[in-house]
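*Asks:*
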Amino acid sequence: MAAPALTARAVRALSCPSCGAAIVLRGFAWTQTVACASCTAVLDAKDPNLAILQGAAARMRVAPLIPLGARGEWRGAPYEVIGFQQRTIRSGGGTWSWREYLLFNPYHGFRYLTEYDGHWNDVVPLQALPEVGGLAHPVARYGGESFRHFQTARVETTFVIGEFPWEVRTGDHVEVRDYVAPPRALSAESTDDETTWSLGTYVDGDAVWRAFKVEGKPPAPKGIYSNQPSPHRGKVAALWTTFAVLVALLMVTLLGRAVTARNAEAFSRQYVFRGTSADVAAPTSAIDSVTRGAGTAFVTPAFTLDGAQSNVVVETDASVDNQWLYVEYALINEATGQVYDFGREVSYYSGTDSDGRWSEGSRTDRARIGAVPGGRYFLRVEPSGDAAGRSIAYTVRVRRDVPNLVYYLLGLIALAIPPVLGTLRAASFETRRWAESDHAPSSSDDEDDDE
1 MAAPALTARA VRALSCPSCG AAIVLRGFAW TQTVACASCT AVLDAKDPNL AILQGAAARM
61 RVAPLIPLGA RGEWRGAPYE VIGFQQRTIR SGGGTWSWRE YLLFNPYHGF RYLTEYDGHW
121 NDVVPLQALP EVGGLAHPVA RYGGESFRHF QTARVETTFV IGEFPWEVRT GDHVEVRDYV
181 APPRALSAES TDDETTWSLG TYVDGDAVWR AFKVEGKPPA PKGIYSNQPS PHRGKVAALW
241 TTFAVLVALL MVTLLGRAVT ARNAEAFSRQ YVFRGTSADV AAPTSAIDSV TRGAGTAFVT
301 PAFTLDGAQS NVVVETDASV DNQWLYVEYA LINEATGQVY DFGREVSYYS GTDSDGRWSE
361 GSRTDRARIG AVPGGRYFLR VEPSGDAAGR SIAYTVRVRR DVPNLVYYLL GLIALAIPPV
421 LGTLRAASFE TRRWAESDHA PSSSDDEDDD E
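For the sequence shown, the UniProt record's numbering gives the first residue as 1, with consecutive numbering after it.
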């Protein structure tokens, strides 16, 4: 706001015609009304005798946190607190009040500090009018920035003391429309005669206390204010940027592993499990296989695992059909006798019911053993199952140095945790902010969604 052309006048010291208390006018020719700090009578500052505009009454008194007459360096200029008012919204049986402090500088004019539940805003009147559009969700545009409609409410002045550049009385009502683009907010105050706009910027209470040298500490903020900056602002984008970079590095590592991994087949042989049934024919000679009954263990031919330490994957492919096959394995080093024991089950069932065809299980199983030294090995194999008169053909396959995508998937999940949590926290903050607005999700909407 451009500094008004003020005439140089001395500060006037007068007496309240209602209670006789001393009244000091600091706003020069710009002061139109003054409310006595002693009796709260509202006086006409333009009248040499301070005519009473609104008589003293037994009203609730509100003590300003920043005393009238306090001076401080604010936004690069000295300002003095010359007026204070409390304004109130009454809705649905609830009451919400905030405080406004009128600041004055003879060369820079007026500005305001507002406080609600420990949340402070620095407010300046606007001369240029914002552009407002939209119906269900109005948006105001000012200074190249878009402000979303937050709430519309009828506001009452419930307490006033000090000087003001307009006629102010307790009991005055205006309609206020608030639009927010944190940390800024646009407010339009409308009466039957005019609409005035102002621009507020969220400020820290400690900065106000330091500027006006107020004793003690400012009240701690409660809840989330309409234009309070999100503590997650900028952090979430940074987290996702870091995530993208780390995922790119992870993919490069995965690609490098896929290219360099040998993924070599060290052993493959097919066997047939006959259970206890004696009428199952032996496999043909065309299949390199061995027929075994239940509880019969055997060892495979030896095979070589090349290279230094690396993983080994043992695959079991079985022709189970509404059956199961369980195999006890032991991978044994020929030279050292080191044993890696593990058991695996393969099962597959299918059928039809009232819902149609169904199936469960799998005919393939893979077991992974990590950090197995190179050398000559063989497998001890002991199958069991429910062949039930039908043979089960199964293939045992050993692969060396197989890329493990699970580790990369776990790494991807771990990398995603910080940005996902940050996004959820930011969304929760905004949900709590807008829960106090005219555009909060209604419970009826939620119930409709559930139906």
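Every residue, glycine too, gets a C-beta built ideally from N, C-alpha and C.
Could you pull out every residue in the same chain whose Cβ sits closer than 6 Å to the Cβ of E328, ignoring the five residues on either side in sequence?
*Replies:* Counting only Cβ-Cβ distances below 6 Å, and skipping sequence neighbours, we find G343, E382.
*Asks:* So what does V252 bridge to, in DSSP terms?
*Replies:* Paired residues: none, contrary to the question.
*Asks:* Starting from A393, trace the beta strand (DSSP E) both ways and give me its first and last residue.
*Replies:* Unbroken beta strand (DSSP E) run through A393: 392–400.
*Asks:* Taking the beta carbon of I417 as the centre, do at least 16 other beta carbons fall within 10 Å, making it buried, or is it exposed?
*Replies:* Its Cβ having fewer than 16 others within 10 Å, I417 is exposed.
*Asks:* Can you name, in chain order, every residue of its own chain whose Cβ lies under 6 Å from the Cβ of A188, other than the five neighbours on each side?
*Replies:* Excluding positions up to five away in sequence, the list reads R177, T195, W197.
*Asks:* Leaving out the 5 sequence neighbours to the left and right, which residues in its chain are closer than 7 Å to T304 when beta-carbon positions are compared?
*Replies:* Hits under 7 Å: A266, R376.
*Asks:* Any chance you could list the alpha helix (DSSP H) runs of at least 4 consecutive residues sitting entirely within the stretch 202–232, in chain order?
*Replies:* Listed in chain order, they are 205–211.
*Asks:* Could you please give me the residues that DSSP links to E328 through a beta bridge?
*Replies:* Its beta-bridge partners are G343, E382.
*Asks:* Use the C-beta contact count for T364: other C-beta atoms within 10 angstroms, 16 or more gives buried, fewer gives exposed.
*Replies:* Looking at its Cβ environment, which holds fewer than 16 other Cβ atoms inside 10 Å, T364 is exposed.
*Asks:* To which residues does DSSP link A237 through a beta bridge?
*Replies:* A237 is not bridged to any residue.
*Asks:* List in chain order: all unbroken beta strand (DSSP E) runs of 3+ residues lying wholly within the stretch 136–213.
*Replies:* Those beta strand (DSSP E) runs which fall completely within the stretch 136–213 and span 3+ residues are 139–142, 145–164, 173–181, 184–190, 195–203.
*Asks:* Which same chain residues end up closer than 8 Å to T253 when comparing Cβ atoms and leaving out the 5 residues on each side of it in sequence?
*Replies:* Around T253: Y408.
*Asks:* Alpha carbon to alpha carbon, what distance is there between A318 and V312?
*Replies:* Their Cα atoms are separated by approximately 20 Å.
*Asks:* Please state the DSSP three-state secondary structure of S428.
*Replies:* S428 falls in the helix class under three-state DSSP.
*Asks:* Just to confirm the assignment, what range does the beta strand (DSSP E) spanning P125 have?
*Replies:* That run of the beta strand (DSSP E) goes 119–125.
*Asks:* Round the Cβ separation of A440 and H232 to the nearest angstrom and send it over; I've been treating them as touching at under 8 Å.
*Replies:* Actually they do not touch by this definition, with Cβ atoms about 20 Å apart.
*Asks:* Where G118 and R432 are concerned, what is the direct C-alpha to C-alpha distance, given to the nearest angstrom?
*Replies:* If you take the alpha carbons of G118 and R432, they lie about 17 Å apart.
*Asks:* Beta strand (DSSP E) containing L68: first to last residue?
*Replies:* Note, L68: premise wrong, no beta strand (DSSP E); not H, not E.
*Asks:* Taking buried to mean at least 16 other C-beta atoms within 10 Å of its own C-beta, is V245 buried or exposed?
*Replies:* V245 should be labelled exposed.
*Asks:* Just verifying my parser: in three-state terms, what is the DSSP assignment at V313?
*Replies:* Strand.
*Asks:* Could you give the first and the last residue of the continuous beta strand (DSSP E) run that contains A78?
*Replies:* Contrary to the premise, residue 78 reads as Pro rather than Ala in this sequence. First-last of the beta strand (DSSP E) with P78: 77–91.
*Asks:* Is DSSP giving R262 helix, strand or coil here?
*Replies:* Three-state DSSP puts R262 in coil, outside helix and strand.
*Asks:* Would you call the stretch 160–172 in contact with the stretch 197–216, where contact means no fewer than 3 C-beta pairs closer than 8 Å?
*Replies:* Flag = no, the stretch 160–172 and the stretch 197–216 do not touch.
*Asks:* In this structure, what does DSSP give as the bridge partners for Y112?
*Replies:* Bridge partners of Y112: L102, V123.
*Asks:* Go ahead and pull the three-state DSSP assignment for R257.
*Replies:* Three-state DSSP puts R257 in a helix.
*Asks:* Assuming F84 and Y107 are in contact, meaning their beta carbons sit under 8 Å apart, how far apart are those beta carbons, in whole angstroms?
*Replies:* The Cβ separation is near 22 Å, so there is no contact.
*Asks:* Can you say whether L424 is buried or exposed, counting buried as having 16 or more other CB atoms within 10 angstroms of its CB?
*Replies:* Exposed.
*Asks:* Going straight from the alpha carbon of G385 to that of D306, what length do you get?
*Replies:* Those two C-alpha atoms are separated by around 33 Å.
*Asks:* Here's the rule: buried if 16 or more other CB atoms are within 10 angstroms of the residue's CB, otherwise exposed. What is A248?
*Replies:* A248 comes out exposed.
*Asks:* Would you report the Cα separation of K213 and F243, rounded to the nearest angstrom?
*Replies:* The alpha-carbon atoms of K213 and F243 are separated by roughly 45 Å.
*Asks:* Roughly how many whole angstroms lie between the Cα atoms of E430 and F159?
*Replies:* E430 and F159: Cα-Cα distance of roughly 32 Å.
*Asks:* Alpha carbon to alpha carbon, what distance is there between E115 and N121?
*Replies:* Between N121 and E115, the C-alpha separation is close to 7 Å.
*Asks:* Do P165 and S230 have their beta-carbon atoms positioned less than 8 Å apart in this structure?
*Replies:* No, Cβ-Cβ distance for S230 and P165 is not below 8 Å.
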